[in-house]
Amino acid sequence: MTSVQELENTVASLPKEEYNQFRHWFLDRDWDEWDRQIEEDAEAGKLDFLVKEALEARKSHKLKEL
135 MTSVQELENT VASLPKEEYN QFRHWFLDRD WDEWDRQIEE DAEAGKLDFL
185 VKEALEARKS HKLKEL
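As structure tokens, this is what we get:
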């Protein structure tokens, strides 16, 4: 198995164009993981408090127009 240090060295030695391709792939992968976690948290009810806070703010006229 490849160590983190080996990966770091490999990434550091990539030509600029390949580094940019890798960076784009890695960021996309990171955002996909973030989206998956948000979906799981929403389905599990872990984000329900945000809806409650927003409804309470609207009821007390504390929301601002964007």
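Here the sequence shown is numbered in our numbering, starting from 135 and rising by one per residue. Beta carbons: idealized from backbone N, C-alpha and C, even for Gly. Keep in mind the model is a prediction, meaning the values are calculated, not measured.
Where does residue i sit, in a helix, a strand or coil, going by DSSP?
i	result
Glu187	helix
Thr136	coil
Glu199	coil
Measure the alpha-carbon distance for residue i versus residue j and round it to whole angstroms.
i	j	result
Arg163	Val185	28 Å
Glu199	Ala178	30 Å
Glu190	Lys196	8 Å
His158	Glu167	14 Å
Glu142	Ala176	34 Å
Glu140	Ser147	11 Å
Please tell me whether residue i and residue j are closer than 9 Å, where the distance is taken between their beta carbons.
i	j	result
Phe156	Val138	no
Ile172	Leu181	yes
The alpha helix (DSSP H) with residue i in it runs from where to where?
i	result
Ala176	150–177
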